[in-house]
Every structure is written in structure tokens, then in C-alpha cells.
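Q:
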Amino acid sequence: MTNSPLTPGIVPGRLPAAAYARNFADHDPALDAHEARVAADRCYFCHDAPCIAACPTSIDIPLFIRQIATGTPEAAATTIWTQNILGGMCARVCPTETLCEEACVRETAEGKPVEIGQLQRFATDTAMAKGQHPFARAARTGKRVAVVGAGPAGLACAHRLALHGHDVVIFERRPKAGGLNEYGIASYKTTGGFAQREVDWLLSIGGIEIRTGVELGRDVTLDQLQADFDAVFLGIGLAGVNALRSEGEDKAGVRNAVDFISELRQAADVATLPVGRDVVVIGGGMTAVDAAVQSKLLGAENVTIVYRRGQEKMSASGHEQDHAVQSGVRIIHNAAPLRVLGNGAAEAVEFAYTSDGPNGLVLSPETFTLKADQVFKAIGQTLQGVPDGLAVAGGKLSGRSGKVWAGGDCAAGGEDLTVTAVAEGRDAAEAIHQQMMG
Numbered sequence: 045m046t047n048s049p050l051t052p053g054i055v056p057g058r059l060p061a062a063a064y065a066r067n068f069a070d071h072d073p074a075l076d077a078h079e080a081r082v083a084a085d086r087c088y089f090c091h092d093a094p095c096i097a098a099c100p101t102s103i104d105i106p107l108f109i110r111q112i113a114t115g116t117p118e119a120a121a122t123t124i125w126t127q128n129i130l131g132g133m134c135a136r137v138c139p140t141e142t143l144c145e146e147a148c149v150r151e152t153a154e155g156k157p158v159e160i161g162q163l164q165r166f167a168t169d170t171a172m173a174k175g176q177h178p179f180a181r182a183a184r185t186g187k188r189v190a191v192v193g194a195g196p197a198g199l200a201c202a203h204r205l206a207l208h209g210h211d212v213v214i215f216e217r218r219p220k221a222g223g224l225n226e227y228g229i230a231s232y233k234t235t236g237g238f239a240q241r242e243v244d245w246l247l248s249i250g251g252i253e254i255r256t257g258v259e260l261g262r263d264v265t266l267d268q269l270q271a272d273f274d275a276v277f278l279g280i281g282l283a284g285v286n287a288l289r290s291e292g293e294d295k296a297g298v299r300n301a302v303d304f305i306s307e308l309r310q311a312a313d314v315a316t317l318p319v320g321r322d323v324v325v326i327g328g329g330m331t332a333v334d335a336a337v338q339s340k341l342l343g344a345e346n347v348t349i350v351y352r353r354g355q356e357k358m359s360a361s362g363h364e365q366d367h368a369v370q371s372g373v374r375i376i377h378n379a380a381p382l383r384v385l386g387n388g389a390a391e392a393v394e395f396a397y398t399s400d401g402p403n404g405l406v407l408s409p410e411t412f413t414l415k416a417d418q419v420f421k422a423i424g425q426t427l428q429g430v431p432d433g434l435a436v437a438g439g440k441l442s443g444r445s446g447k448v449w450a451g452g453d454c455a456a457g458g459e460d461l462t463v464t465a466v467a468e469g470r471d472a473a474e475a476i477h478q479q480m481m482g
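So the number in the working numbering is just where the residue sits in the sequence shown, counting from 1, plus 44.
1. Cβ atoms of L75 and Q162: under 8 Å apart, would you say?
2. Could you check whether I254 and H203 sit closer than 8 Å to each other, using their CB atoms as the reference points?
3. List in chain order: all unbroken beta strand (DSSP E) runs of 3+ residues lying wholly within the stretch 234-299.
4. Going by CA-CA distance only, name the one from K440, E468, R444, L461 that's closest to A455.
5. Leaving out five residues before and five after G329 in sequence, what residues of the same chain have Cβ atoms less than 8 Å from its Cβ?
6. Determine contact between the stretch 462-476 and the stretch 93-103, defined as no fewer than three beta-carbon pairs at a distance below 8 Å.
7. Using CA atoms only, rank isn't needed, just tell me which of P196, A147, I229, A69 is closest to D92.
8. Determine the extent of the alpha helix (DSSP H) in which I96 is found, giving its start and end residues.
9. Under 8 Å: do the stretch 341-355 and the stretch 368-388 share three or more Cβ pairs, one atom per stretch?
10. With burial defined as no fewer than 16 other Cβ atoms inside 10 Å of the residue's Cβ, what is the status of Q479: buried or exposed?
11. Near F412, what residues of its chain come up, given a Cβ to Cβ distance below 6 Å and the 5 sequence neighbours on each side ignored?
12. Looking at C-beta atoms only, is the number of pairs between the stretch 171-179 and the stretch 428-445 that lie closer than 8 Å three or more?
13. Quick check: T331 and I305, are their CB atoms within less than 8 Å of each other?
14. Could you name the residues of the same chain whose beta carbon sits closer than 6 Å to that of T51, not counting the 5 residues immediately before and after it, in chain order?
15. Using the rule of at least 16 other Cβ atoms within 10 Å of the residue's Cβ for burial, across every protein chain shown, is M133 buried or exposed?
16. Can you tell me which of T126, R188, A121 puts its alpha carbon nearest to the alpha carbon of G175?
17. What does the alpha-carbon distance come out to for the pair A315 and A63?
18. Tell whether a beta-carbon distance below 8 Å holds between V302 and K340.
19. Output needed for N286: all residues of its chain with C-beta closer than 8 Å, excluding positions within five of it in sequence on either side, in chain order.
20. On the DSSP letters alone, give me the boundaries of the beta strand (DSSP E) that V463 sits inside.
21. Between the stretch 246-266 and the stretch 400-407, do three or more beta carbon pairs fall short of 8 Å?
22. At what residues does the alpha helix (DSSP H) containing G131 begin and finish?
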């Protein structure tokens, strides 16, 4: 949304030019070789490593850390990629503090885990800088698979299928491949165009064609794909956004947080992006945190996240919540939006305090109002564009229907995490391979 007469408070260029480069630089710089060796030496190399069990892709973490400790980071990267072909991005965006690092024995004993995420980034970045792909395709099988969606699940599925010698065509509705990694992650978490570099590196295995600007249901049908290919994998993500169902949410200045984040990621110059003076973000997940923090980095003076339940129910990790607060974002819990106030454009949001009762959320008669010229909705995404005949339960696709598989955020069991999507895409590829090869 650009500035307009209805949104006078939403403007670009709130900060000096130098501030944008500083604010959107890599917020967690990579380890150098010496730092990586020191960090690796803290690992106990547990034989029954709990960190492996906590990793959705089951990377052999003690092995790759030992390989770093012995001076072979390229071998460490191969260990990582064997299980997680998008290990470079996952090292940047995976909530390691609630997965592998939370399970680390050092965390249990000392309250300071081995820096697994940083070590994973060091290994994958070092190997990618060499420009070589560590895997070679098997002999071509003559089988063809259609993958719908070039997000983490689709890319992981396509790579594993290509590794087995199958030919893969990925259909992606957006102009670029990458999905959540390209369009849905805060800019300061993945700088320097890394998402596209990782996609290009992944495709270097060969046997994978990507057709962008192709949407399922508009440009191609599921029946067509099933007729033309030996199998189909759907990694279509969650394209819809839940509505606030509050009065005034159609006013100027109110928009979806995912669209704001996407624009930030694709902007050649973030200084040109307009942001309000008083920003309110409604939601409690990673999208809410990313939208709020980046609003602050763009120069918003007052940024507040409002979540309808208690802090313990927020899906954003404690680490991310702390990062938001340290960035100057205020977080209010147990409050639900009633209405967006303003004459044509948002000027404030009225909230009611809430409590969790035996029958669900209860709104209190006590209310409060937050000044807001810009409001971001970050209350979850929904499945859209489901072809007829596919099973949907709980708003998600089942894992398989005939010769059609599904994985990632759109499928049952998806946890809205890049690492989980990679695991589901990889595992679906193995199931497809076994099915096609009898």
C-alpha cells in the first residue's frame, strides 16, 4: 500500500539513508573459521544425541560438528544436506532455540547450548562458496513428476526425486522460486539474496525445470498433471489470510502482514517503503514478530503487537519475542480487536481484554484503544485453491490421494516451519520414488 490522501501518516523515508543499511544488515552475523572451531569444541558428541531427535530433518548433528572441529566443513555440509537440502536457509531461520539447541545437553547442564544453528550456517556457507554440488544424479529413469509450488517442501521433494534420476517440473505461481524463504522471512534474517542463491545451487543437480507464473486451477489443472506425469506433489502452502472479523478492517491503512513482509523482501531499496508512525500488529506468531520488528526498523515510532491470549500461547518463540522487545516493540497479551476506528483510514484500534474460560476465549467489557495509522493482520493463513477430489481435514490436505502427494504448510502435520516443510517434501519424494519404481 502506498501513501495516499486517506493514509497521510504512512510515508517512506522516515530515517536517514545510512540507518536502513544498518537496520537491515544481517542481524546474526556468521561465525568465522576460528569461532566455528571454538564453538564446535563445546560439543560432547553424544552417542544418543537428543539434538538429532529434536531436529525435524534428523540431521546427524554430532557428526557434522565433529567434521567442523576436525577442519572439514565441506564434509559437514554434505552431512547436513543429506538430510536437509535447504540447510543453509534453515540455519538462518529455524527456531533452533526450541528444537535442537533446546535439547542440547549443554543447555540442560549449563544453560548455554552448542551453537548448532550457527555451526550449520558456517558449514553450508563454506561449501556453497566452493560452487560445487555434492550430489550426482542417478541414471535417468524415464519417470516424470510434477511439483506444484516452489517453496521449501516442493524444492526438497524435487531435489530428492532428481537425485534418484527422475525428471521434475515445478509449477510456481509467483515470479520467483523459494516460497516462504523468498517471500515470507524477515529481510534481516536472510540478506544478500541468499534465498535465490540457494535455489540456484539446489537446481545445479540437474533434471529440474521451474515454470514460474503458473497457477494450479488457473493455468493448469490437477487432472492435466495426473495425465501428463507419473506422480504429482502439492506443496502449495497457505495462500489465504484469516480475516479479523472486526468492524472497520476494510479501512485504508489495514493490510495483511504477509504482503508487507513480501514487499520488503522484494524491494530494491527499503527506504522507499512507506510505514506508519503508529503501527499495531494483531497476532502472536512469527509473522507478527517479523512485521512488527521490520516496521520499527523502517522508522515507525510506536509499534505494538497485540495477541488475544497469554504469552505462553504465542506461537512465536521466546527468543523471537525477546528480539521484538529489544527492538523497541511493545507486546500486549490477552486482548482482542473489536473495531478499527477512523474516518476512511485507520486512526486507532479498540480492543477488549480477554480471558481463557472453560468454553474458550471470553471478552471482558473493559476495553482500551491504541492509536494506529497502520494495522497489520497476522492471525494465521488458510488453505486456498484446493482441487476437487482431494481430502481436506482441519483445513489441511491429507498426505496422499492416489498418485497425488502433499507436504509442507498445506498438508496435515505441517508446522509452518521451513525445516518441517523440507522434511515432508523429502519424505514424500522417497515415497513417490518407491511407488513409481514398484
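We put the CB at the ideal spot given by N, CA and C, even for glycine.
A: Looking at the coordinates:
1. For the purposes of this step, residue 162 is identified with residue 118 of the sequence shown, where counting begins at 1. For the purposes of this step, residue 75 is identified with residue 31 of the sequence shown, where counting begins at 1. Yes, the pair counts as a contact, with Cβ atoms nearer than the cut-off.
2. Position 159 of the sequence shown holds residue 203. Position 210 of the sequence shown holds residue 254. Going by C-beta atoms, H203 is not nearer than 8 Å to I254.
3. 252-256, 275-278
4. Here residue 455 refers to the residue found at position 411 of the sequence shown. Among K440, E468, R444, L461, the Cα nearest to that of A455 belongs to K440.
5. As a working note, residue 329 is residue 285 in the sequence shown. Closer than 8 Å at Cβ, skipping near neighbours: M358, S359, A360, A422, G424, D460.
6. yes
7. Here residue 92 refers to the residue found at position 48 when the sequence shown is read from its first residue. Distance check between D92 and each of P196, A147, I229, A69 places A147 closest, using alpha-carbon atoms only.
8. Reading the sequence shown from its first residue, position 52 is the one you call residue 96. Note, I96: alpha helix (DSSP H), 94-98.
9. yes
10. One-based indexing of the sequence shown puts residue 479 at position 435. Counting Cβ neighbours within 10 Å, Q479 comes out exposed, since fewer than 16 surround it.
11. Reading the sequence shown from its first residue, position 368 is the one you call residue 412. The residues are F395.
12. no
13. Here residue 331 refers to the residue found at position 287 of the sequence shown. Here residue 305 refers to the residue found at position 261 of the sequence shown. Cβ atoms of T331 and I305: closer than 8 Å.
14. Position 7 of the sequence shown, counting from 1, holds the residue named residue 51. The residues are A296, G297, A389.
15. Stepping through the sequence shown from its first residue, residue 133 is reached at position 89. It counts as buried.
16. Walking along the sequence shown from the start, residue 175 turns up at place 131. Of T126, R188, A121, the residue nearest in Cα terms is A121.
17. By one-based count along the sequence shown, residue 315 stands at place 271. By one-based count along the sequence shown, residue 63 stands at place 19. Distance between the alpha carbons of A315 and A63 is about 9 Å.
18. Position 258 of the sequence shown, counting from 1, holds the residue named residue 302. Position 296 of the sequence shown, counting from 1, holds the residue named residue 340. No. Outside cutoff.
19. On the sequence shown, position 242 is the one that residue 286 refers to. Counting only Cβ-Cβ distances below 8 Å, and skipping sequence neighbours, we find K421, I423, G424, Q425, T426.
20. By 1-based counting over the sequence shown, the position of residue 463 is 419. Per DSSP, V463 belongs to no beta strand (DSSP E); it is in the alpha helix (DSSP H), 462-480.
21. no
22. Locating residue 131 in the sequence shown gives position 87, where the first residue counts as 1. Segment 131-137, the alpha helix (DSSP H) holding G131.
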